[in-house]
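Below: one structure, written as C-alpha cells.
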Amino acid sequence: MKNGSITTILAGCMGMALSAALFAAPALAADKTVKIGNVEPLSGPSASVGVQGKQAREMAIEEINAAGGIKSLGGAKLELVYADSKSDPTVGVTETERLINTEKVNLLTGCWNSAVTYPATQVAERYGIPFVVPVAVRDTITERGFKNVFRIAAKDSWWVRDQFRFLKDMQDETGVKLQRIAFVFENGDWGTGFAEKWRELAKKDGYEIVLDEPYPSTATDLTPVVTKLKAAKPDVVMLVSNAADAILLTNTMAEMQVKPKVVLASGGGHADPKFLENTDTNALGIFDEVEWNTDVNKPAAKPANEKFKKKYGYDLTGESVDAYVAMYVIADALERAASTDPAKIREALAATNLTTGPGMIVSYDGVQFDETGQNKNAGIVIVQVANVDGKPERVTVWPKTARRAGYVPAFPANK
Amino acid sequence: MTAVIQAALNGAMMGAMYGLTALGLTLIFGVMKVVNFAHGSLLMVGMFSAYWLIRLTGIHPYLALVIVPPVLFVFGYYLQNVVIKPVFKAEGQVREPLTVIIVTTGVWYVLDNLALMLFGAEYRTVRTAISNKSFALGEFIISIPKFSGFVVAIATAIGLALFMRKTKTGKALRATSLDREAANLMGIDQYRIYNIAFGLGTAIAGIAGCVLIPFYYVYPSVGVVFDIRAFIIVVLGGLGSIPGALLGGLVIGLIESVFSQFMASTWTEAIIYAIFLIILFVKPSGFFGHKQDW
Amino acid sequence: MSRKQLDRILLAVVALAAFGLPLVVTSPTYLQILILLFFYAYLTTAWNLVGGFAGVLPLGHSVFVGIGAYTSSILTLQYGVSPWIGMLVGGAIAAVIGVIIGLPTFRMRGAYFCLCTIAFAEGIRVMVENIDTLGPLKINGPRGLLVPLLKDPTFWDYQFMSKLPYYYIILVLLILVLAFTWFISRSKVGYYLAAGGEEPEAAAALGINVANYKLFAMALSCFLTALAGTFYAQLMLYFYPKGLMGLDLSFEIAFIALIGGRGTIAGPVIGALLLRPLNEFTRIYLSDMLPGLHLVIFGLILILVMIYLPKGLTAPLSALYDRLARKITVQGEAK
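Here the protein sequences come in this chain order: A, B and C.
One point on numbering: in full-length UniProt numbering, the residue at position 284 of the first sequence is 284, and numbering is uninterrupted.
One point on numbering: in full-length UniProt numbering, the residue at position 173 of the second sequence is 173, and numbering is uninterrupted.
One point on numbering: in full-length UniProt numbering, the residue at position 19 of the third sequence is 19, and numbering is uninterrupted.
Following this line, the structure appears as C-alpha cells:
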C-alpha cells in the first residue's frame, strides 16, 4: 500500500515488454523434415502412459526414417516435437498453440487424456492443422463435426458394446448363465462415460444390476468398495480403473476373498505394464478389454514387440500400439499427399486405407476413417490373465477367431 | 449387517493409519505453529525408503520399522535446519509465518519431482512376508498388514505421548509449543527444538511408510492423497494434539468405510468435508485442541 | 519533473505498451502465454483483496473460478444466454457463496482459516463431481462441460477466432481490477481492512467492525474471481471440476501473491510476471530432458525467494524504483 508499490508495477511491466521482444524472435523452420507435434502427459498423474506413447512413437519414427523417410517428399524425414500437457487442459492448449505457431508443426498427435484432447483438438481445428488422436476414447471427440480430427482407437461406445458381446458369446459357448452384474468404476471422465453405456446395455441384455459404484481415483483404501461388492454377490463385475486403483482393487479383492464368476476390466490400469508385476497371482482369471495383445495374429506384431521390449524393457500395450500405428498412418498419408500443406495432408488422411506394411500390427485388418474421422475398423480384443509356464500372462480369448491356439478360457474364472 | 461390521473393522484399522500419517503433522504444528505442506512428501520419502530397503535386502517389514525411522529423523532434522530455519529467522517473532507455508510447499515440489526424476512415475509394490495375508475372525476377514499397521499406529501415538511427558527433550518441546518466548528465556534453543520436532515428525512419516508399504503402492506423488486427509484429521482432533490425531484418524477411517456401505463411496468424501466443517463451527478447537491454538 | 509526474508518465507508457504489445507479439503462442499471464495476475489481484489486505490466507479460490465458468456455460448451453450476462450472474452467485463461507471462517485465525478454506473448496469440488444434474441444470459431474466451437461467432457469443480479443478482454479486466484495488486501498474500507489484518484486537477496540469489512472484501473478491472463470471457459471452451476447481489453481494464486508481495497492488502483477514465464519456459525447455526437472527448479525458486525476500519481490523493487525516481526527479529539477 506504500506509494512505491503502485509504481513498482511499472518496473515490472517494462520487464515484460523486454521479454516480449524476446518472444517475438522468429522461429526458423528447417526444410526436408516433416514436423509432428505431440501433446502428451510427460509429468503429473498420467506420466507413465505418456512415456509409453512417446517411446512407441520414437520406435516407429526411427523405422520410417531408416526406411528412407517420405519418398514423395524427396525422402523427407519425420521429426517429433514433444510437449508436456501434465494432464492439464490449460497447459495442453498452450502447448498446442506453441507447436502450431512457434514450432510450425505440420500435424499433431496426442493427447491420451480426453480432458486435454477436447480443447487441444479445438485449437487444431481452428488453425486447420490435422490432428491424429491415437487414444482418448470419449465418443464426443469425433462427434463435434470437426474436419481435422482423426482417431485410431475405438470410441467408448464400441468398447462397451464389445464387452457385452463378449459376455453373450462366452455364455453361449460355455453354457454358463450370468445374471447379476456389478459396475465398479473410477469417477472420472472415462469411468462415468463407460458406466452410462453399461447401464443401457445391461438393461437391454436383461442383466440385473446389483451394484453401481463409482469410486474416487485418488482413494487410499478400496476395501469399503470391495466389502460392498462382496455383499452384492454379483456374477459379473465390470471395471474401469486407472493404474493405481487397478492394483489396489485386485489385491483387495483377493484379500477379502471376493470371487465373482467373471471380472471384466476395460484396459487402462489393468493393461498397464506394471499391473501384473504388482498383483501377480491375484490377477489370475481377470478378463481385460484392450486394443492389442502381444499374441495378436499378425506377422509384424511379434518382431515389433520383441524389438520394443528389448529397447524399453516392457511389452507394447494397447495405448503404445495405437501411437505406433498412428505414426505409420501419418507416414502413409504424407506419402500420398506429397505435400506438407495441412489441407492436403488432411485430404490424404481422410482417404486413408492402410492395410499392409510394417506398421500394421493391430488386431484388425486396416485403418480407414469414416466421415467423422473415427477409424471405422478399430477393433478390440479381450484377454484373460492366465497361468502360462508358471507365470501370469495375458492370453487373447475373444473374438474367437483371434483366440490363442490351444487355450481354453477359464469361464467362469471362479467356480 | 455383516458388511457393516466388516467395514467398521476395516475402517478402524485404516483410520488408525490415517492417524499415524497425521501424527507427524500435528507434532510439527504444535511446536512450530506451521502447517507443513511437505508432510505428504515426507511420507513418500518414508515409503520409498521402506520400499527400497525391503526390495533390495528382502528383510521383514517389521525390521524396516527399526531402520527407516531413525534415517528419516536425521533427514527431517537437517531439512528443517537448512531450509526452513532461515525463513523463521527472517520472519523474526511472527507467530504463524505464512512464508514458511510457501517454503514447505516448495519442499513438496522439490521432493516429489526429485523422486520422479530418480524413480520414474510408475507404481511400485513390494511383496513382503506379510503382504496379502489375512486371518478370519468369525466370519470377518482381517488383513494382517493392516492389523499390524493398526497396532503400530497406536503404539507410536502412546510412545510419542509418553516421550512428550517423561523426557527432558519432550518437556522442552512442550514448553516451546506453549510459549516460544518464555521457553527461549528459560534457555531452550528454539531452533534446535524445531529441528527435533521436524525430525520426529519425519521419523513418524517413516513409520507410516513402513506400515503402508506391505499393502499399498508407492509413486512420486503418493503423498498428495494422504495430505489433505491428514490436514482434516489434525484440525478435527485439534491442531497439535496427539490423541486428537489418532481419534481424528479413526473418525475419518470409520466414516469413509462405514458410510460407503450406504451410499456411493464418492459421496463419503463430501461427507467427510461436511462433518469436518460442522465440528469446526461447533467446536473450532477440535476434539482436544487448546483454545489458544486457533 | 516532480515524482508524481514521473509516476504518471511511466504508468501511461506501460499502459500504452500493454495495449500495443500485440503489434510486436504477433505469434498466437506468445499471445496465449501473455493471456494466461494476465489471467493469473487478474486472479491474484482479486484474491489479494482478501488474502492480501484482510490478512488471511485463503487457499480455495479456484472454487469461485469454477462457479463463474459453470454458471455462464450452463446458461449459454441450456438457455442461450450470452456469456457476458452469465459472467455477471456467476459473479453474483460466487459473491453470495463467498459470504456464506466467510461468515464462519473469518472467526478463525492463521492455519485454521487456511485449512478451512481448503476443506470448503474441496468439499464443493467433490459435490460438483458427484452431481450429474441439479434440478433442470446439467452439471455433467466429473466429465465437465464442453462449450461448442462456433463457426462464425459474434462479440455477443464471447468467442473469437483470433487471440487478440481475448488479450484485450483480460487486459481491460486486469486494469479495472488494479484500479479498483488502488481505489479501495485508498478508501476507508482499505484502511479498516489493513488495520483488521495486522492488529485485529486493536481494530476491534477502536470500534471497527472488522468482520463486516472482511465479508465485504470477500464478496468482492469472489465476484471478481468468478468473472475470470467465465473468461477461462470461453477461452478454453472446455473445463472439468478437477482441472478448474482443484487445489493446484488455488495454490498457484497464493504463490503468485506471496512471491510478488502480498497486500501490495503491484505484487500480483510482479509475481505473475516472474512465475508464469518461469512455469511455461521451464516446462517447454526442460520437460523433454527429464520429467520433473522443471518442477524441481520451480520449487527451489519458491524456497529461495522466501528465504531471501520473505516480503516478496515488490519491496526491493519499489525501493529500487524509489531510488531511481529520486535521481531522475532531482536531475530534472536541476535543469
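We put the beta carbon where it would ideally sit given N, CA and C, even for glycine.
As the structure is a computational prediction, the values presented were derived from the model and not from experiment.
In this structure, does DSSP put residue i in helix, strand or coil?
{"i": "Y78/B", "result": "helix"}
{"i": "A21/A", "result": "Annotation note: pLDDT 44 at A21/A (below 50); position unreliable, coordinate value reported separately. In the structure shown, A21/A sits in a helix (DSSP, three-state: H, G or I)."}
{"i": "V369/A", "result": "Rather than Val, the amino acid found at residue 369/A in this sequence is Phe. The answer is strand: DSSP assigns F369/A an E or B state."}
{"i": "W52/B", "result": "helix"}
{"i": "F298/C", "result": "helix"}
{"i": "A333/A", "result": "helix"}
{"i": "K147/A", "result": "coil"}
{"i": "E139/B", "result": "coil"}
{"i": "L81/C", "result": "The identity of residue 81/C in the sequence shown is Val, whereas the question assumes Leu. Three-state result, V81/C: coil."}
{"i": "R403/A", "result": "coil"}
{"i": "P26/A", "result": "Because P26/A carries a pLDDT of 39, less than 50, the predicted location of this residue cannot be relied on, and the following value inherits that uncertainty. P26/A falls in the coil class under three-state DSSP."}
{"i": "E289/A", "result": "strand"}
{"i": "T227/A", "result": "helix"}
{"i": "D84/A", "result": "strand"}
{"i": "E103/A", "result": "coil"}
{"i": "L239/A", "result": "strand"}
{"i": "T109/A", "result": "strand"}
{"i": "N279/C", "result": "helix"}
{"i": "K197/A", "result": "helix"}
Using 8 Å as the threshold, is the C-beta distance between residue i and residue j below it?
{"i": "A86/C", "j": "L75/C", "result": "Here the sequence assigns Gly to residue 86/C, which means Ala is not the residue at that position. A contact, by the Cβ cut-off of 8 Å."}
{"i": "A46/C", "j": "S221/C", "result": "yes"}
{"i": "E291/A", "j": "S266/A", "result": "no"}
{"i": "G110/A", "j": "T117/A", "result": "yes"}
{"i": "K261/A", "j": "V236/A", "result": "yes"}
{"i": "M17/B", "j": "A203/B", "result": "no"}
{"i": "L254/B", "j": "A8/B", "result": "yes"}
{"i": "I61/A", "j": "V34/A", "result": "no"}
{"i": "F64/C", "j": "A226/C", "result": "yes"}
{"i": "L42/B", "j": "G19/B", "result": "no"}
{"i": "A244/A", "j": "Y78/B", "result": "no"}
{"i": "P130/A", "j": "P342/A", "result": "yes"}
{"i": "G20/C", "j": "R125/C", "result": "no"}
{"i": "G237/B", "j": "F288/B", "result": "yes"}
{"i": "T229/B", "j": "I252/B", "result": "First, the residue type needs correcting, since residue 229/B is Arg and not Thr in the sequence shown. Closer than 8 Å, so yes."}
Alpha carbon to alpha carbon, what distance is there between residue j and residue i?
{"i": "I139/C", "j": "T192/A", "result": "13 Å"}
{"i": "F298/C", "j": "L309/C", "result": "16 Å"}
{"i": "W108/B", "j": "D169/A", "result": "51 Å"}
{"i": "K344/A", "j": "F369/A", "result": "16 Å"}
{"i": "G201/B", "j": "N81/B", "result": "14 Å"}
{"i": "K307/A", "j": "G318/A", "result": "16 Å"}
{"i": "L22/A", "j": "T26/B", "result": "With a pLDDT of 44 at L22/A, under the threshold of 50, the predicted position of this residue should be treated as unreliable, though the coordinate-derived value follows. So the alpha carbons of these two residues sit roughly 48 Å apart."}
{"i": "Q257/A", "j": "K86/A", "result": "37 Å"}
{"i": "N242/A", "j": "A182/B", "result": "52 Å"}
{"i": "P299/A", "j": "R161/A", "result": "28 Å"}
{"i": "I5/B", "j": "S73/C", "result": "45 Å"}
{"i": "F164/A", "j": "E200/A", "result": "11 Å"}
{"i": "M253/A", "j": "K259/A", "result": "8 Å"}
{"i": "F155/C", "j": "Y232/C", "result": "16 Å"}
{"i": "Y407/A", "j": "I382/A", "result": "13 Å"}
{"i": "Q5/C", "j": "A17/C", "result": "18 Å"}
{"i": "K310/A", "j": "K54/A", "result": "16 Å"}
{"i": "T281/A", "j": "N387/A", "result": "8 Å"}
{"i": "Y314/A", "j": "P273/A", "result": "7 Å"}
{"i": "M59/A", "j": "L150/C", "result": "38 Å"}
Please determine whether the Cβ atom of residue i lies at a distance below 7 Å from any heavy atom of the ligand PLP.
{"i": "P86/B", "result": "By its list of ligands, the structure shown contains no ligand whatsoever, and the ligand PLP lies outside what it can speak to."}
Task: In chain order, each beta strand (DSSP E) run of at least 3 residues that lies wholly inside the region 146 to 202 of chain C - done: none
Task: Cβ contact (3+ pairs, closer than 8 Å) linking the region 20 to 36 of chain C and the region 92 to 111 of chain A - done: yes
- [ ] Count the CB pairs spanning the region 172 to 185 of chain C and the region 34 to 51 of chain C that are closer than 8 Å, and state whether there are at least three.
- [x] Cβ pair count under 8 Å is three or more, so yes.
TODO: Note down, one range per segment and in chain order, each alpha helix (DSSP H) of at least 4 residues found wholly within the region 44 to 119 of chain C.
DONE: 62 to 79 and 83 to 105
Open item on the list: I'd like to know if the region 3 to 10 of chain C and the region 234 to 247 of chain C are in contact, where contact means that at least 3 CB-CB pairs between them fall below 8 Å.
Closed with: no
Task: Touch test, the region 319 to 329 of chain A against the region 198 to 214 of chain A, Cβ-Cβ under 8 Å, three pairs minimum - done: no
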